[in-house]
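Numbering (this note's numbering), first residue to last: 3 to 475.
For glycine and all other residues, C-beta sits at the position ideal for the given N, C-alpha and C.
Remember, it's a predicted structure, so these values are computed and weren't measured experimentally.
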Amino acid sequence: MKSTEFHCIIKNKNSYWRKLVAEKKKRMSPYSVLILSFLLIIIIGTTLLSLPVSSFPGKKLSMVDALFIATSAVTVTGLVITDINYTFTLFGKTVLIILVQLGGLGVMTFSSVIVLLLTRKIDYTAKKIIQKDLNYNTLFNIQAYIKNLIKIVFLIEFIGAFCLFFVFIKKFSFLKAVYYAAFHSISAFCNTGFSLFPDSLSAYRTNVPVNLIIPLLITLGSLGFTTLNSIYISLFPKFRSDNKRMHFTLTARLSVIVSLILIISGTVLTLLIEMSNPETLKNFVFHDKLLLSFFQSVSIRTAGFQTLNLIHMKNSTLILYMILMFIGASPGSTGGGIKTTTIAVITLGVFTTLSHRKNIEFHKREISWRIFNKAIALVFISVMYIFFTVFILSYIEKEQKFILLLFEVISAFGTAGLSLDITPVLSSFSKILISLTMFLGRVGPLTVAMALTMKRRKKGRYSYPVDKIQIGC
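Now the structure itself:
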């Protein structure tokens, strides 16, 4: 056989496999690709964290524990089963914070940055996947959006690290202060809650800079990239022509309004409930009580940093925190939960129904009932999954109280990363179940449902007769 004939055969085979891969990609929905990308990063992270070089001698993690922490990092949850600083080496901690950054930005979004750097263009299929990764409803100028997003994220994280450096330099050497500042800035903005301190940030509970910088980073991260991009465009008008439809969207307005309501109500209720509790706020002066309540109100929804011991809090406070964790952050953000806009749409829909109005309206805009139905489906799936998971855990972990297990599951689902100190003592199966819950909370239950059920079906040219069903009383 001549060499030219051989090269032709190889070329034809390569083109065949390329076409086959392309066809497979087309068959896969954007939801499936998104889920698989997160799974791939979790597998890589698990492998790296289980290597001997990632942990100190005698601290090597089992595969299940490595999977748990890698999932916690990629899903930006922050639940841990060991002390990060005393378990992982510099290499392990660096792997951990890279996983956090990847999970916070979104795996496909980060991948698109690499594609943009190499080819300066993104194909239509990739745009659809990134659209789902960012939880955005329409295709837009992806290139301009991603460039703005990267600028915003790294600028905020840099400023946060710069400010935190002046806090940590008082206690650590220059290089250590730089590393601690960068680690906690990324962890806060990505709403992970990983800390290099054994008691989270309890040592800085009355430190005003820390109690303002960290919540500000958490809030900016939880608002969502769409909202941040809208703010960025309003501050820098020269970018407005690139992305007009992103400017002051209804999503951005609802995200900011609901977030402010949740932060203020969480602060006030924490202060009122825990003010007389000697184990939490009673022994502090009023301005420290207010600062601690504010920090916990911001951190509890999605981040997971602690300045107060949750174990000693009253049950009413824990119930409040479970509600806040369940709601979580805003769409397209680094946080989890059912999202602020979901609860906003449901609330507006309920008030519309009770007031006997036809359309859901907000800020001189009409919200589709289809969006309302989607929000209801999301809450229904989320509630069913949480109670089903708690049911299984209650059967397995017989020694744990119901409220502890419920708090753990909601924290994992909302990627809040807070625990009532039961995470390390859970069985291997329970850890895997919590890992699955963190994963579901990050990619979204609707994303998983759509990936499992999405099929191309022809719409029938018929409709069934409408009937009425009695509901309520």
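Could you tell me the alpha carbon to alpha carbon distance between G94 and L50, rounded to whole angstroms?
8 Å
Integer Cβ distance of G419 from G306, believed to fall under 8 Å
Between G306 and G419 the Cβ distance is about 3 Å, and since that is below 8 Å, they are a contact.
Pair within 8 Å by beta-carbon distance, E281 and T319
no
Does V76 come within less than 8 Å of chain D when only Cβ atoms are used?
You won't find chain D in this structure, because it holds only one protein chain.
Which residues does DSSP list as the beta-bridge partners of I362?
I369
Measuring CB to CB, does A75 end up less than 8 Å from L98?
yes
To the nearest angstrom, how far is it from the Cα of P54 to the Cα of R303?
34 Å
Quick one: what does DSSP say S332 is sitting in, helix, strand or coil?
coil
Hey, would you say N2 sits closer than 8 Å to L198, going by beta carbons?
Any property of residue 2 remains undetermined from this structure, which presents the chain solely from 3 to 475.
When we look at the beta-carbon of P211 and count the other beta-carbons within 10 Å, is it buried (16 or more) or exposed?
exposed
Could you give the distance in angstroms between the alpha-carbon of T48 and the alpha-carbon of I188?
20 Å
Reference E410; option with closest CA among G80, S52, R367 and A72
G80
Through-space distance from G338 to A377, alpha-carbon basis:
15 Å
L326: which of R359, H314 and K341 sits nearest, CA to CA?
K341
Nearest-angstrom Cα separation, counted from N285 out to L42:
48 Å
Check the DSSP bridge columns for F90 and list the partner residues they point to.
S57
Comparing C-alpha positions only, which one of L63, T77, F58 and I71 sits nearest to T91?
F58
For L38, count neighbouring Cβ atoms within 10 angstroms of its own Cβ and tell me buried if that reaches 16, exposed if not.
exposed
E159, buried or exposed, once every other Cβ within 10 Å from all chains shown has been counted against 16
Answer is buried; the Cβ neighbour count reaches 16.
Is F182 buried or exposed, if buried means 16 or more other CB atoms sit within 10 Å of its CB?
Correcting the residue identity first, residue 182 is Tyr in this sequence and not Phe. When all chains shown are included, Y182 counts as buried.
Short check: CB of C165 to CB of T336, under 8 Å?
no
Whole-angstrom C-beta distance between L252 and R367, which should lie under 8 Å
5 Å
Beta-carbon contacts of L408 that lie in its chain and below 6 Å, excluding the five residues immediately before and after
V392
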